[in-house]
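Colleague:
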Amino acid sequence: MAIDFDIKDPGLAEGGRYRIEWAAKEMPVLKLIREQFEKERPLDGVRVSACLHVTTETANLMHTLQVGGADIVLTASNPLSTQDDVAASLVTHYEIPVYAIKGEDDKTYYQHLEAAIAHRPHITMDDGADLVSEIHKNHTDLIDNVIGGTEETTTGVIRLRAMANDGALKFPVVAVNDSMTKHLFDNRYGTGQSTLDGVIRATNILIAGKIVVVAGYGWCSRGIAMRAKGLGANVVVTEVNHLKALEAVMDGFRVMPMIDAAPIGDIFITSTGDINVVDTHHMEVMKNNALVANSGHFNVEINIPGLREMSVGDPERVRPYVDKYTLKSGNVIHILGEGRLINLAAAEGHPASVMDMSFANQALGSKFMRENSETLENKVYTIPEDIDMEIARLKLAAMGIKIDVLTDQQEAYLNQWEEGT
Ligand code: ADE
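Written as structure tokens, this is what we have:
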């Protein structure tokens, strides 16, 4: 069967296949789900449009949905995150239509999104809510077809909750991000490791001894702060939330406003989900040769348009993923990965072992959506806790780790209230 697609080069497929299979070794929970899906085919006849980072891990998820009976189209959820060899293998070896090219411009990004929407999905699978948003804005005629969606990331869930609060959300969505087996691991350990990986691959700098300023102290940022500290950095955290700031202080980090951190930092990493967290007045006072990167979903956290205006001439690409901006003062600011998520732009995103749990949630979330769409309202749902716990159980089992079991006496003790001091 000939399928439609738009990828960089089908000739890259063989390398992609090896890398997809390499990732599969670290995804035992998804493998179990795939085996179950193969027998039960819970997504038979379901058209899924997925807007995800096109990585080896996503390929394993797509394969799982496919053997579960789904008819899938995949488009990129970020212009810089596509692994072109993976896209080629998905098209060539798995016959999955993919619309994604690393480095595509915004126009192509939206054309690709349109191709995924033209699939007339029953289920949308988003990382950042672009599909849901686009369907609600420009394809309202398709809404009746959609039984529901799933959403991978914090930023997307925030957007969807805003839509639900406005009464604008017209189908139910499962917030995969809100599962504990997603955000406690993917956001913290996945973002932590892959962000430092991205910064290091882009720059080849030594982290030890540097002052690393981490903007935000949510699950992603705390992973970044923890890993930067582990590599010997002196970490400064900036926050707007008193509770999170207090946690950062008690985790041993210096906490201060960005304007105070700006003149002392060597490397700045944003992961807040908000706009202009590193703004022009911050960059104005940064040290010469400061490095600035973002690991949040959208490329809005660093005010790059403002930086352009403050700069003399055009930025120079001094290494792949490093743009040199020279300020009127003569100082240089280096922006990594064009301010897009550095872990996917310059590295390979989160390692497969954490994506195993995130994508187990995606697969089971789409099955949940199919089974419950009749009763769900147009709201944002969390995956039921028993599914979340089962994913944790399977992951531990796959790691060969056993844990204690409550005795009958302990169980009874927890269920009584009479016994005290
Ligand atoms: N988000 C972060 N890392 C990812 C990966 N490896 N695959 C898909 N989505 C991701």
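Residue numbers for the sequence shown follow our numbering, beginning at 1152 and rising by one. Quick reminder that beta carbons are idealized off the backbone N, C-alpha and C, glycines included.
Rounded to a whole number of angstroms, what is the C-alpha to C-alpha distance between Ala1251 and Gly1367?
Modeller: For the purposes of this step, residue 1251 is taken as the residue at position 100 of the sequence shown. For the purposes of this step, residue 1367 is taken as the residue at position 216 of the sequence shown. For Ala1251 and Gly1367, the distance between alpha carbons rounds to 30 Å.
Colleague: Report all residues from its chain with a CB closer than 8 Å to the CB of Thr1306; omit the five preceding and five following residues, and keep chain order.
Modeller: Position 155 of the sequence shown, counted from the first residue, corresponds to residue 1306. So the qualifying residues of the chain are Gly1279, Ala1280, Gly1424, Gly1447, His1448 and Phe1449.
Colleague: Is it the case that the Cβ atoms of Asp1337 and His1501 are separated by a distance below 8 Å?
Modeller: Position 186 of the sequence shown, counting from 1, holds the residue named residue 1337. Position 350 of the sequence shown, counting from 1, holds the residue named residue 1501. A contact, by the Cβ cut-off of 8 Å.
Colleague: Just to confirm the assignment: which complete beta strand (DSSP E) runs, minimum length 3, are found wholly within the region 1464-1552?
Modeller: Fully enclosed beta strand (DSSP E) runs of 3 or longer: 1467-1470, 1473-1477 and 1483-1487.
Colleague: Could you spell out where the beta strand (DSSP E) holding Glu1302 opens and where it closes?
Modeller: Position 151 of the sequence shown holds residue 1302. Glu1302 -> beta strand (DSSP E) spans Gly1299 to Glu1302.
Colleague: In three-state terms, what does DSSP make of Val1387?
Modeller: Sequence index remark: in the sequence shown, residue 1387 carries index 236 (1-based). If DSSP states are grouped into helix, strand and coil, Val1387 belongs with the strands.
Colleague: Relative to the alpha-carbon of Val1364, which residue among Ser1422, Tyr1340 and His1334 has its alpha-carbon at the smallest distance?
Modeller: Numbered from 1 along the sequence shown, position 213 holds the residue referred to as residue 1364. Closest option to Val1364, Cα to Cα, is Ser1422.
Colleague: Is the Cβ of His1393 closer than 8 Å to any Cβ of chain B?
Modeller: Among the protein chains of the structure shown there is no chain B, as only one such chain exists.
Colleague: If we count the other Cβ atoms within 10 Å of its Cβ and call it buried at 16 or more, is Met1540 buried or exposed?
Modeller: Within the sequence shown, the letter at position 389 stands for residue 1540. With fewer than 16 other Cβ atoms within 10 Å, it is exposed.
Colleague: Tell me whether Asp1277, by its Cβ, gets closer than 7 Å to a heavy atom of the ligand ADE.
Modeller: Translated into positions along the sequence shown, residue 1277 becomes position 126. Not under cutoff, so the answer is no.
Colleague: Please confirm whether any heavy atom of the ligand ADE lies closer than 7 Å to the CB of Thr1209.
Modeller: Here residue 1209 refers to the residue found at position 58 when the sequence shown is read from its first residue. Flag set: Cβ of Thr1209 near the ligand ADE.
Colleague: Do Gly1424 and the ligand ADE come close, with the Cβ less than 7 Å from some heavy atom?
Modeller: As a first step, residue 1424 is located in the sequence shown; it is residue number 273 there, counting from the start. No; taking the cut-off as 7 Å, the Cβ of Gly1424 has no heavy atom of the ligand ADE nearer than that.
Colleague: Compare the beta carbon distance of Ala1239 and Asp1160 with 8 Å and say whether it is the shorter of the two.
Modeller: Taking the first residue of the sequence shown as 1, we reach residue 1239 at position 88. Taking the first residue of the sequence shown as 1, we reach residue 1160 at position 9. Going by C-beta atoms, Ala1239 is nearer than 8 Å to Asp1160.
Colleague: Should Pro1100 go down as buried or exposed, given a rule of 16 or more other Cβ atoms within 10 Å for buried?
Modeller: Since the first and last residues shown for the chain are 1152 and 1572, residue 1100 lies out of range.
Colleague: Can you tell me the Cβ-Cβ gap for Ile1415 and Ile1362, rounded? I've got them flagged as a contact below 8 Å.
Modeller: As a first step, residue 1415 must be located in the sequence shown, where it is residue number 264. As a first step, residue 1362 must be located in the sequence shown, where it is residue number 211. Sure, about 6 Å apart at Cβ, within 8 Å.
Colleague: Use the C-beta contact count for Ser1200: other C-beta atoms within 10 angstroms, 16 or more gives buried, fewer gives exposed.
Modeller: As a first step, residue 1200 is located in the sequence shown; it is residue number 49 there, counting from the start. So Ser1200 ends up on the buried side.
Colleague: Taking 8 Å as the threshold (C-beta atoms), are Val1197 and Ile1274 in contact?
Modeller: As a first step, residue 1274 is located in the sequence shown; it is residue number 123 there, counting from the start. As a first step, residue 1197 is located in the sequence shown; it is residue number 46 there, counting from the start. Cβ distance < 8 Å, so Ile1274 and Val1197 count as in contact.
Colleague: Rounded to the nearest angstrom, what separates Arg1339 and Trp1370 at their Cα positions?
Modeller: What you label residue 1339 is simply residue 188 of the sequence shown in a count that begins at 1. What you label residue 1370 is simply residue 219 of the sequence shown in a count that begins at 1. Computed Cα separation, rounded: 5 Å.
Colleague: Below 8 Å on the Cβ atoms is my guess for Ile1620 versus Val1443; work out the distance and round it to an integer in Å.
Modeller: With the chain covering 1152 to 1572 only, the question about residue 1620 has no answer from this structure.
Colleague: Does the distance from the C-beta atom of Tyr1476 to that of Ala1496 stay below 8 Å?
Modeller: Counting from one through the sequence shown, the residue named residue 1476 turns up at place 325. Counting from one through the sequence shown, the residue named residue 1496 turns up at place 345. Going by C-beta atoms, Tyr1476 is not nearer than 8 Å to Ala1496.
Colleague: Would the region 1223-1234 count as touching the region 1243-1262 if we require 3 or more Cβ pairs under 8 Å?
Modeller: Contact between the region 1223-1234 and the region 1243-1262 is present, because at least three Cβ pairs lie under 8 Å.
Colleague: Taking 7 Å as the cut-off, is the CB of Gly1341 close to at least one heavy atom of the ligand ADE?
Modeller: Residue mapping note: residue 1341 aligns to position 190 of the sequence shown, counting from 1. Result yes, Cβ under 7 Å from the ligand ADE.
Colleague: Helix, strand or coil, according to DSSP, for Asp1160 in the structure here?
Modeller: Translated into positions along the sequence shown, residue 1160 becomes position 9. Three-state DSSP puts Asp1160 in coil, outside helix and strand.
Colleague: What is the rounded straight-line gap between the Cα of Glu1177 and the Cα of His1290?
Modeller: Taking the sequence shown and counting its residues from 1, one reaches residue 1177 at position 26. Taking the sequence shown and counting its residues from 1, one reaches residue 1290 at position 139. So the alpha carbons of these two residues sit roughly 38 Å apart.
Colleague: Can you name, in chain order, every residue of its own chain whose Cβ lies under 8 Å from the Cβ of Ile1111, other than the five neighbours on each side?
Modeller: Any property of residue 1111 remains undetermined from this structure, which presents the chain solely from 1152 to 1572.
Colleague: Return the residue from the list Trp1568, Leu1203 and Ala1379 that minimises the CA-CA distance to Ile1356.
Modeller: Taking the first residue of the sequence shown as position 1, residue 1356 is located at position 205. With distances taken between Cα atoms, Ile1356 lies closest to Ala1379.
Colleague: If we ignore side chains and look at the alpha-carbon of each, how far apart do Ile1358 and Val1387 end up?
Modeller: In the sequence shown, counting from the first residue as 1, residue 1358 sits at position 207. In the sequence shown, counting from the first residue as 1, residue 1387 sits at position 236. Taking the straight line from one Cα to the other gives about 14 Å.
Colleague: Does the Cβ-Cβ distance between Ala1413 and Val1406 come in under 8 Å?
Modeller: As a first step, residue 1413 must be located in the sequence shown, where it is residue number 262. As a first step, residue 1406 must be located in the sequence shown, where it is residue number 255. No. Outside cutoff.
Colleague: At the level of alpha carbons, what is the spacing between Ile1165 and Ile1171?
Modeller: Position 14 of the sequence shown, counted from the first residue, corresponds to residue 1165. Position 20 of the sequence shown, counted from the first residue, corresponds to residue 1171. Looking at the sequence itself, residue 1165 is Glu, so the reference to Ile does not match. The straight-line gap from Cα to Cα measures roughly 10 Å.
Colleague: Just the Cα atoms here: how many angstroms apart are Glu1499 and Leu1241?
Modeller: The count along the sequence shown starts at 1 and reaches residue 1499 at position 348. The count along the sequence shown starts at 1 and reaches residue 1241 at position 90. Those two C-alpha atoms are separated by around 17 Å.
Colleague: For Phe1322, which residues does DSSP report across the bridge?
Modeller: Here the question's residue 1322 lines up with position 171 in the sequence shown. Paired residues: none, contrary to the question.
Colleague: Check whether the Cβ of Met1213 sits closer than 7 Å to any heavy atom of the ligand ADE, and report yes or no.
Modeller: Taking the sequence shown and counting its residues from 1, one reaches residue 1213 at position 62. Incorrect: Met1213 has no Cβ contact closer than 7 Å to the ligand ADE.
Colleague: Give the DSSP-derived three-state secondary structure of Met1276 in the structure shown.
Modeller: As a position in the sequence shown, residue 1276 is number 125, starting the count at 1. Here Met1276 sits in strand by DSSP.
Colleague: Taking only runs of the beta strand (DSSP E) that begin and end inside the region 1356-1422, which ones reach a length of at least 3 residues, in chain order?
Modeller: As far as the region 1356-1422 is concerned, its whole beta strand (DSSP E) runs of at least 3 residues are 1362-1366, 1385-1389 and 1418-1421.
Colleague: Take Glu1302 as the anchor and find which of Glu1562, Lys1530, Ile1552 and Lys1553 has the nearest alpha-carbon.
Modeller: What you label residue 1302 is simply residue 151 of the sequence shown in a count that begins at 1. When only C-alpha atoms are compared, the closest one is Lys1530.
Colleague: With Leu1231 as the anchor, note down where its alpha helix (DSSP H) starts and where it stops.
Modeller: Numbered from its first residue, the sequence shown carries residue 1231 at position 80. Looking at the DSSP string, Leu1231 is not in any alpha helix (DSSP H), and its letter there is neither H nor E.
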